[in-house]
Amino acid sequence: MSDPRTTVTTPGLLAEGTHDPGTPPAGIKRAPTGVDHLATEHLVINMGPQHPSTHGVLRLLIEVDGEEVVTVEVSVGYLHRGIEKLAEHRRFNAIGTLMDRGDYVSGIHGETAVALAVERLMEIEVPRKAQWLRSLAAELNRIASHLVWFGTFGLDTGGMGQFLYAMRDREAILDILEAITGQRMMFNYARPGGVVADLPVGIDEKIRAFCDTFDTYLDEHHALLGGNEIFQGRVKGIGIIDAEKAFAFGLTGANLRGAGVDFDVRKKRPYDAYPELDWEVPLGSAGDAWDRYMVRMGEMRQSARMIRQLIDGIPEGEHTAKVPKVLRPPAGEIYACVESSRGETGIHLVTDGGDTPYRMHYRAPSIFALQAVEDIVPGHLIADTVMMVGSTDVMLGETDR
Amino acid sequence: MSPTLAVIVRLVAVLGLMLTNGVVMIYLLRKVLGHLHIRLGPMHVGWHGLLQTVNDVLKLLTKEDLTPRAVDKVLFFLAPVVVFVPSLMAYLALPFSEALRATRLETGMLFTFAVLAIVPIGILMAGWASANKWSLLGGMRAAAMQIAYEVPLLLSVLPIVMIAGTMELGAVVDAQAGTWFGLVPRWFITDPLLWPTFLIFLISSLIEVNQTPFDMSEGESEIVAGFASEYSAMKFALMFLSEFSNTFVVSAMGVTLFFGGWLLPWAPDSWYEAVPALAPIVFLTKAYVGVVLLWWIRGTFPRVRIDQMMSLGWKRLIPAALAMILITGVVQKLLAPVLYRAVG
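Just so you know, the sequences run in chain order A and B. Residues 1 to 401 (my numbering) are what the first sequence spells out, left to right. Residues 1001 to 1344 (my numbering) are what the second sequence spells out, left to right.
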């Protein structure tokens, strides 16, 4: 344990390995048998890692009494690629490519967090234009990510239509992002010092055209899913995470704001262009799945509002600061965070003066949300389980790293 | 033609109809859902994907018939049969026209709904025999749902029986001939008294055919594929086909009971005599329109939760259906003689 580079392992949730369905693994409580003659035998079901609606390779070990979930155990790590370890062998410019593969639906945010950390360590002055371009890409990406969430959350409820409508709009954003960054998902756009390239000629027209239609489309999306009484009956009042619980689990992002807590990294710890923009933070009140839904829908609208301001007010100047090819931040330690689509995405860098980080920690908001899922699901039905996982918008790429 | 041969010919015709219908409907579903979801559906096999379903049927036929080791082999094999055969039988009483139907049953309405009620038993068998927890959940859901919706479904058609005075489907259609005030076709759907009844019928039939707001027994986002999780190849195809076929039968029943069956509005009887194919064509067209409407709902709505469906069935639909029987009875006995005389 003396060498900090040693990876410390802790016993996993299901360390004892395989079990037969009859004997539940440690940690799963069983109703006492023989007390109640009407008590039925509980069934332990493995939901995932291959399941249509666990949003990636999430494994939930649920114990059900009929349809009702008695306990749930979240098991993660099926997508572990060792991003944090790999980062120790990448130069600071290249860590962004790993972050893209963390939260692969909104990659810009992770890249920005790394860039911010390195810039603050090296005290690089980032040109104002570069900050605006980063924020522009980040907000576009936030809409794209929320659209994926919106579509798949609808799929969790059994609706099919909204998914493809959401994909249509996401496709428009991905086309724009492809033009800006050269990639559709794995951007590697935000780099320490600025961004990799200036805006292509004529892209502002495309972005404006998208913004013009998007508000109408967003109303359509909301009418299609949120306006449906069946959907409202499914999400209202389920999966309540109140402010106290949200703090206890360390939730951030829409999961925290759904409980009415006004915390947004963009407002509270401003970075890039956000202090100069005029926008609001949508808040919920009760903290149920419906509140989280409404917060995310509101965020998409706010993002569109920001994109309009960003594209109208892009300052003149360079798109990146003058930075050396090989970045060698001084020895030190820094934490930088951004508001990603899922909450506070943070990068904790420890440097030793070399060209690679000594140690990197990736604070991914989804893992906290999954802990909350473990707490809120018991007592609900199987159908609600997938809804609650969906409503917290977890991303297994960043959970497992 | 000897009576035995006639029966065989009719059964073969019904089987042929069901299979062709299934192939057509699968293609139609994929196209309808595709366009509802701003995509194209099958496009590559044949003109606009016309041969896609043929391709899929061939694929299913040639696929390895997999039986997992842990299943209850007898039930596992029997379940698709129990699901499929009632779906086939449901075609027997459908009145495509005055003359064109497999058999003329005095209790046609009851018969059709009764055989459809066997299907969930097969689903329960499949769920139980599959030795898969998801399948088991799906099977149990199907069983619980059946009791909750079968009762209101049957109760909801009773007002029709009271008004038409018969359970014979052809006679029900005949009872809808003519017009109100010489203007509005006298189909049961134009009778405001039957509108609540139609709503109950519509909701119950959506549950009957496992369509999206009520597809809990195979709700893929919750329980993977429910009762069908372990089925593959032709066994799966039979279950799938049965579901499509039930959608058609339910739509055809709706057309027969509420939308005047093979009747065209304002068409004189002589037309049907002049063109024998007119009645079946009208009937099929109406039935397909009904199917597409069901799919529209399927492609748009999210799924209700099992407890919500239960409370809908027990607390809303059944009392409402009973109330409608009472109201229809009162109106029929007390008001109708006066009203119908006034209307002519």
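Even for Gly, the Cβ is constructed at its ideal location relative to N, Cα and C. Every value quoted in this text rests on a predicted model; they were computed, and no experiment measured them.
Quiz item: Are the region 291-307 of chain A and the region 141-156 of chain A in contact at 8 Å, needing three or more beta carbon pairs?
Solution: The region 291-307 of chain A is in contact with the region 141-156 of chain A.
Exercise. With a 10 Å radius around its C-beta and 16 neighbouring C-beta atoms as the bar for buried, classify residue 162 of chain A as buried or exposed.
Key: Residue mapping note: residue 162 of chain A aligns to position 162 of the first sequence, counting from 1. Counting Cβ neighbours within 10 Å, residue 162 of chain A comes out buried, since at least 16 surround it.
Practice problem: Measure the beta-carbon distance from residue 1283 of chain B to residue 1097 of chain B and round it to whole angstroms, keeping in mind my assumption that it falls under 8 Å. | Solution: Position 283 of the second sequence holds residue 1283 of chain B. Position 97 of the second sequence holds residue 1097 of chain B. Yes, they are in contact, since the Cβ atoms of residue 1283 of chain B and residue 1097 of chain B sit about 7 Å apart, within 8 Å.
Practice problem: Would you tell me roughly how many angstroms separate the C-alpha atoms of residue 55 of chain A and residue 228 of chain A, rounded to the nearest one? | Solution: Here residue 55 of chain A refers to the residue found at position 55 when the first sequence is read from its first residue. Here residue 228 of chain A refers to the residue found at position 228 when the first sequence is read from its first residue. In this structure, the alpha-carbon of residue 55 of chain A lies about 23 Å from that of residue 228 of chain A.
Quiz item: If we ignore side chains and look at the alpha-carbon of each, how far apart do residue 385 of chain A and residue 1195 of chain B end up?
Solution: One-based indexing of the first sequence puts residue 385 of chain A at position 385. One-based indexing of the second sequence puts residue 1195 of chain B at position 195. Computed Cα separation, rounded: 37 Å.
Quiz item: If we call anything under 8 Å between Cβ atoms a contact, is residue 373 of chain A one with residue 392 of chain A?
Solution: On the first sequence, residue 373 of chain A is found 373 positions in, with the first residue counted as 1. On the first sequence, residue 392 of chain A is found 392 positions in, with the first residue counted as 1. Yes, Cβ-Cβ distance for residue 373 of chain A and residue 392 of chain A is below 8 Å.
Quiz item: Contact check, residue 110 of chain A vs residue 99 of chain A under 8 Å by CB: the rounded distance?
Solution: Translated into positions along the first sequence, residue 110 of chain A becomes position 110. Translated into positions along the first sequence, residue 99 of chain A becomes position 99. The pair is a contact, with the Cβ atoms about 3 Å apart (cut-off 8 Å).
Self-check item: Distance, residue 1193 of chain B Cα to residue 1330 of chain B Cα
Solution: Taking the second sequence and counting its residues from 1, one reaches residue 1330 of chain B at position 330. Taking the second sequence and counting its residues from 1, one reaches residue 1193 of chain B at position 193. Rounded to the nearest angstrom, the two C-alpha atoms are 11 Å apart.
Self-check item: Contact set between residue 1227 of chain B and chain A, taken where Cβ atoms lie within less than 7 Å
Solution: Working through the second sequence from its first residue, we reach residue 1227 of chain B at position 227. The contacting residues do not exist; residue 1227 of chain B stays about 15 Å from chain A at best.
Quiz item: residue 1170 of chain B and residue 1268 of chain B look like a contact to me (Cβ under 8 Å); what is the Cβ gap, rounded to whole Å?
Solution: By 1-based counting over the second sequence, the position of residue 1170 of chain B is 170. By 1-based counting over the second sequence, the position of residue 1268 of chain B is 268. With a Cβ gap of about 19 Å, residue 1170 of chain B and residue 1268 of chain B do not count as contacting.
Self-check item: Chain-ordered residues of the region 1299-1330 of chain B with a beta carbon less than 8 Å from chain A
Solution: Contact residues of the region 1299-1330 of chain B toward chain A are 1299, 1300, 1301, 1302, 1303, 1304, 1305, 1306, 1307 and 1308 (C-beta to C-beta distance below 8 Å).
Quiz prompt | DSSP state of residue 361 of chain A mapped onto helix, strand, coil | solution = Along the first sequence, read from residue 1 onward, the residue named residue 361 of chain A stands at position 361. In the three-state reduction of the DSSP assignment, residue 361 of chain A falls in the strand class, which pools E and B.
Practice problem: Pull up the distance between the alpha-carbon of residue 136 of chain A and that of residue 307 of chain A, whole angstroms please. | Solution: By one-based count along the first sequence, residue 136 of chain A stands at place 136. By one-based count along the first sequence, residue 307 of chain A stands at place 307. The alpha-carbon atoms of residue 136 of chain A and residue 307 of chain A are separated by roughly 6 Å.
Quiz item: For residue 310 of chain A, which residues of its own chain have a beta-carbon under 8 Å away from its beta-carbon, when the five flanking residues on both sides are left out?
Solution: Counting from 1 along the first sequence, the entry for residue 310 of chain A is found at position 310. If we look at residue 310 of chain A and ignore the five residues flanking it on each side, its Cβ neighbours are 132, 135, 136, 139, 273 and 277.
Practice problem: State whether the region 258-270 of chain A contacts the region 352-372 of chain A, with contact taken as three or more CB pairs (one from each stretch) at a distance under 8 Å. | Solution: Contact between the region 258-270 of chain A and the region 352-372 of chain A is absent, with fewer than three C-beta pairs closer than 8 Å.
Exercise. Sort B/1141, B/1262 and B/1007 by Cα distance to residue 1307 of chain B and report the nearest one.
Key: Locating residue 1307 of chain B in the second sequence gives position 307, where the first residue counts as 1. Residue B/1141 is the option with its Cα nearest to residue 1307 of chain B.
Quiz item: Which one of A/165, A/47, A/329 and A/41 has the shortest CA to CA distance from residue 218 of chain A?
Solution: Start at 1 with the first residue of the first sequence, and residue 218 of chain A comes out as number 218. Nearest of A/165, A/47, A/329 and A/41 to residue 218 of chain A, Cα basis: A/165.
Quiz item: Listed from N- to C-terminal order along the chain, which residues in the region 1008-1035 of chain B have their beta-carbon within a distance smaller than 7 Å of any beta-carbon of chain A?
Solution: Hits within the stretch: zero.
Quiz prompt | residue 234 of chain A beta carbon less than 8 Å from that of residue 387 of chain A | solution = Taking the first residue of the first sequence as position 1, residue 387 of chain A is located at position 387. Taking the first residue of the first sequence as position 1, residue 234 of chain A is located at position 234. The answer is yes: Cβ separation under 8 Å.
Quiz item: Helix, strand or coil: how does DSSP classify residue 228 of chain A here?
Solution: Residue mapping note: residue 228 of chain A aligns to position 228 of the first sequence, counting from 1. In the three-state reduction of the DSSP assignment, residue 228 of chain A falls in the coil class, being assigned neither a helical nor a strand state.
Exercise. State the DSSP-derived secondary structure class of residue 117 of chain A, mapped to helix, strand or coil.
Key: Numbered from 1 along the first sequence, position 117 holds the residue referred to as residue 117 of chain A. In this structure, residue 117 of chain A counts as helix in the three-state DSSP scheme.
Quiz item: Taking 8 Å as the CB-CB cut-off, is residue 1222 of chain B touching chain A?
Solution: The residue you call residue 1222 of chain B lines up with position 222 of the second sequence. Yes, its Cβ sits closer than 8 Å to a Cβ of chain A.
Practice problem: Would you grab the beta carbon distance between residue 64 of chain A and residue 42 of chain A for me? Rounded to a whole angstrom, and I think it's under 8 Å. | Solution: Locating residue 64 of chain A in the first sequence gives position 64, where the first residue counts as 1. Locating residue 42 of chain A in the first sequence gives position 42, where the first residue counts as 1. About 7 Å separates the two Cβ atoms, so the contact holds.
Exercise. For residue 1219 of chain B, return the contacting residues in chain A, with the cut-off set at a CB-CB distance below 8 Å.
Key: In the second sequence, counting from the first residue as 1, residue 1219 of chain B sits at position 219. Under the 8 Å cutoff, chain A gives 158 and 383.
Quiz prompt | the region 1056-1073 of chain B contacting the region 1206-1221 of chain B, beta-carbon criterion three pairs below 8 Å | solution = When C-beta atoms of the region 1056-1073 of chain B are compared with those of the region 1206-1221 of chain B, fewer than three pairs fall below 8 Å, so the two segments do not count as touching.
Quiz item: For the beta strand (DSSP E) that contains residue 59 of chain A, what are its first and last residues?
Solution: Walking along the first sequence from the start, residue 59 of chain A turns up at place 59. According to the DSSP assignment, residue 59 of chain A belongs to the beta strand (DSSP E) that extends over 59-65.
Quiz item: Is there contact between the region 1237-1257 of chain B and the region 1103-1121 of chain B, where contact requires at least three CB pairs shorter than 8 Å?
Solution: Counting C-beta pairs with one atom in each stretch, the region 1237-1257 of chain B and the region 1103-1121 of chain B have three or more that are closer than 8 Å, which means they touch.
Self-check item: Interface residues of the region 40-52 of chain A facing chain B [CB-CB below 7 Å]
Solution: Cβ contacts with chain B: 43, 45, 51 and 52.
Quiz item: Quick one: does residue 1348 of chain B have its CB under 8 Å from some CB of chain A?
Solution: Outside the modelled stretch of chain B, which goes from 1001 to 1344, sits residue 1348 of chain B, for which no answer is possible.
Quiz prompt | Beta carbon proximity, residue 373 of chain A to chain B, threshold 8 Å | solution = The count along the first sequence starts at 1 and reaches residue 373 of chain A at position 373. By this cut-off, residue 373 of chain A is not an interface position.
Self-check item: Neighbouring residues, chain B, relative to residue 67 of chain A (Cβ below 7 Å)
Solution: Residue 67 of chain A sits at position 67 when you count from the first residue of the first sequence. Those within 7 Å of residue 67 of chain A in chain B are 1306.
Quiz prompt | C-alpha gap between residue 130 of chain A and residue 315 of chain A, whole angstroms | solution = Position 130 of the first sequence, counting from 1, holds the residue named residue 130 of chain A. Position 315 of the first sequence, counting from 1, holds the residue named residue 315 of chain A. Near 9 Å, if we compare the C-alpha coordinates of residue 315 of chain A and residue 130 of chain A.
Self-check item: Nearest-angstrom Cβ-Cβ length linking residue 1311 of chain B and residue 1227 of chain B, presumed shorter than 8 Å
Solution: Indexing the second sequence from 1 puts residue 1311 of chain B at position 311. Indexing the second sequence from 1 puts residue 1227 of chain B at position 227. Contact between residue 1311 of chain B and residue 1227 of chain B is absent: CB atoms are separated by about 23 Å, not below the 8 Å threshold.
Exercise. Could you check the C-alpha separation between residue 1160 of chain B and residue 1188 of chain B for me, to the nearest Å?
Key: Working through the second sequence from its first residue, we reach residue 1160 of chain B at position 160. Working through the second sequence from its first residue, we reach residue 1188 of chain B at position 188. C-alpha separation (whole angstroms): 8 Å.
Quiz item: Should residue 396 of chain A be flagged as near chain B, meaning a C-beta pair shorter than 8 Å?
Solution: The residue given as residue 396 of chain A occupies position 396 in the first sequence. Contact of residue 396 of chain A with chain B is not assigned, every C-beta pair being separated by 8 Å or more.
Exercise. Please list, in chain order, all residues of the same chain as residue 87 of chain A whose beta carbon is under 7 Å from its beta carbon, the five residues on each side excluded.
Key: Walking along the first sequence from the start, residue 87 of chain A turns up at place 87. Cβ within range, chain order: 95, 98, 357 and 360.
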